[in-house]
Every structure is written in C-alpha cells, then in structure tokens.
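Just remember that this note's numbering sits 687 ahead of the position in the sequence shown, which is counted from 1. One structure is given here, and the rest of the page talks about it.
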Amino acid sequence: MPITPDFIETFSVVCPACRGRVVLKEDASGIKCTECRRVYPVRNDIPALIVEEATIEDEEPPKTD
Ligand SMILES: [Zn+2]
Numbered sequence: 688m689p690i691t692p693d694f695i696e697t698f699s700v701v702c703p704a705c706r707g708r709v710v711l712k713e714d715a716s717g718i719k720c721t722e723c724r725r726v727y728p729v730r731n732d733i734p735a736l737i738v739e740e741a742t743i744e745d746e747e748p749p750k751t752d
C-alpha cells in the first residue's frame, strides 16, 4: 500500500527526533518534519522513521555575506 497523507493521520505519525508534525513529501519520496526539517526516507512504501536514517533538508540555505 503506497504511503499517503492519510497514513500520517491514521497512525498519528510524528517525528521520532522532536515529536513534531510530519508531512508527506509531494513526490512521496520521504516524510518531512515541519519542526526540525529532518526528512525520513520511504523505501518500498515503508517509511523509515529512524533518526539515524534522516537527512536534514534546508529550504533556505544560510546566506553568507
Ligand atoms: Zn523533527
């Protein structure tokens, strides 16, 4: 069964690192925490909600002056 946004609501998925709210990425390639910006990979429709597997995704890279 593919991961859908309903999956997150049904199972009350939260970020295992900070317990923040998570959302499914638009391409369903991962589950992203809205608080700490960790992105958990989804493999074979199974989300790996493991802190060690997460990557940090920066939407706004810090500017260097
Ligand atoms: Zn988090």
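Glycine included, C-beta positions come from ideal geometry on N, C-alpha and C. If you're wondering where the values come from, they're calculated on a predicted model, not measured in any experiment.
Take the alpha-carbon of phenylalanine 698 and the one of lysine 719: they are about 15 Å apart. In this structure, arginine 725 has its CB closer than 6 Å to one or more heavy atoms of ligand 1. Counting only residues of its own chain and dropping the five nearest sequence neighbours on each side, isoleucine 695 has a CB closer than 8 Å to the CB of Val709, Val710, Leu711, Ile718.
Relative to ligand 1, glycine 707 has its C-beta within less than 6 Å of a heavy atom. Relative to ligand 1, even the nearest heavy atom lies 6 Å or more away from the CB of glutamate 739.
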